[in-house]
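**Q** Shown below is the structure under consideration.
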Amino acid sequence: MVKIATDWFGFVQDELLTVHVSDGIELVKKEVENGLKRDVIMLDVDSKDTSVGMSCPPQAFVEEEFLLNIKKLLDNNGVLILNLVCRDEDMKKTVIKRLTGIFHQVVVKDIEEEVNQIVYAQNSTEQTDSEIGLANDTCHNCAMKNPQTLLSPETSKYLNSCVKGTDIDLSDQFKNMIIVDR
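The letter at position 93 of the sequence shown is residue 93 when you use full-length UniProt numbering, and the numbering goes up by one with no holes.
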């Protein structure tokens, strides 16, 4: 998969962006135990179990224990980016409800003409006006007012550099998002 990402999508690893080919649940648990913090965690894991209404991610990746570990692993301004492919509406609502119960800010982006939704979840409870480009006051729950603030300009620029050589603009993903109420 890393070779495909590199060859076909221009993916580049460096000291700030590494790929781990391993059991994701065990890796997250180990990194939490080691006290590590991450700015961005992307989960795009396919499930081969066709008996459930969710093909991405596998059920274990949306269980409370795993999501709590993700929350611990993210720094305060870090963001979880999750590819959710769920045809079962009740299951989808359950997953989103679980995420909103764990993370302070959750935003969902529908992918046009696809079942996929990209879910952004963040721990942060506060961002300043300078961080979000608003005048006057400190903004609480800023992503609820402006979902584009989930990623800082630096983080967005860095993520886009990881897919250089393609037409992908990750910051465009923040257009037309659905804000999820807690």
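Note that the Cβ used here is the ideal one computed from N, Cα and C, for glycine as well.
Helix, strand or coil for residue 53 per DSSP?
**A** Here residue 53 refers to the residue found at position 53 when the sequence shown is read from its first residue. Coil.
**Q** Check whether the region 68-86 touches the region 43-55, counting contact only when three or more Cβ pairs, one atom from each stretch, lie closer than 8 Å.
**A** At 8 Å Cβ cutoff, the stretches touch.
**Q** Let me know the secondary structure DSSP gives residue 37 once reduced to three states.
**A** Working through the sequence shown from its first residue, we reach residue 37 at position 37. Correct three-state label for residue 37: coil.
**Q** Looking at the structure shown, is residue 68 part of a helix, part of a strand, or coil, going by DSSP?
**A** On the sequence shown, residue 68 is found 68 positions in, with the first residue counted as 1. Helix.
**Q** I need the boundaries of the alpha helix (DSSP H) containing residue 99, first residue and last residue.
**A** The residue given as residue 99 occupies position 99 in the sequence shown. 89-102 is the extent of the alpha helix (DSSP H) around residue 99.
**Q** Is there contact here, the region 28-40 with the region 69-76, by at least three beta-carbon pairs under 8 Å?
**A** Result yes; three or more Cβ-Cβ pairs closer than 8 Å.
**Q** Could you check whether residue 14 and residue 39 sit closer than 8 Å to each other, using their CB atoms as the reference points?
**A** Counting from 1 along the sequence shown, the entry for residue 39 is found at position 39. Counting from 1 along the sequence shown, the entry for residue 14 is found at position 14. Not closer than 8 Å, so no.
**Q** If residue 101 and residue 61 are in contact, beta carbons under 8 Å, what's the gap, nearest whole angstrom?
**A** The sequence position of residue 101 within the sequence shown is 101, counting from 1. The sequence position of residue 61 within the sequence shown is 61, counting from 1. About 16 Å separates the two Cβ atoms, so there is no contact after all.
**Q** Can you check DSSP and say which residues form a bridge with residue 83?
**A** Looking up residue 83 in the sequence shown gives position 83. Paired residues: 118.
**Q** How would you call residue 27, buried or exposed, if buried means at least 16 neighbouring beta carbons within 10 angstroms?
**A** Numbered from 1 along the sequence shown, position 27 holds the residue referred to as residue 27. Residue 27 should be labelled exposed.
**Q** Can you tell me whether residue 108 is helix, strand or coil according to DSSP?
**A** Within the sequence shown, numbered from 1, the residue matching residue 108 stands at position 108. Reduced to three states, the DSSP call for residue 108 is strand.
**Q** Compute the beta-carbon to beta-carbon distance between residue 90 and residue 54, rounded to the nearest angstrom, for a pair I have assumed lies under 8 Å.
**A** The residue given as residue 90 occupies position 90 in the sequence shown. The residue given as residue 54 occupies position 54 in the sequence shown. With a Cβ gap of about 11 Å, residue 90 and residue 54 do not count as contacting.
**Q** Sort 117, 9, 16 by Cα distance to residue 93 and report the nearest one.
**A** Taking the first residue of the sequence shown as 1, we reach residue 93 at position 93. Out of 117, 9, 16, 117 has the C-alpha closest to the C-alpha of residue 93.
**Q** What first and last residue would you give for the alpha helix (DSSP H) that runs through residue 9?
**A** On the sequence shown, residue 9 is found 9 positions in, with the first residue counted as 1. Counting along the chain, the alpha helix (DSSP H) containing residue 9 begins and ends at 2-9.
**Q** Which residues in the same chain have their Cβ closer than 8 Å to the Cβ of residue 37, if we skip the five residues on either side of it in sequence?
**A** The sequence position of residue 37 within the sequence shown is 37, counting from 1. Once the five neighbours on either side are set aside, the close Cβ partners of residue 37 are 73, 74, 75, 78.
**Q** Among residues of its own chain, excluding the 5 on either side of residue 84, which ones have a beta-carbon nearer than 6 Å to its beta-carbon?
**A** By one-based count along the sequence shown, residue 84 stands at place 84. Same-chain partners within the cutoff: 117, 119.
**Q** Within 10 Å of its beta-carbon, does residue 184 have 16 or more other beta-carbons around it, so buried, or fewer, so exposed?
**A** No answer is possible for residue 184: it lies beyond the span of the chain, which begins at 1 and ends at 182.
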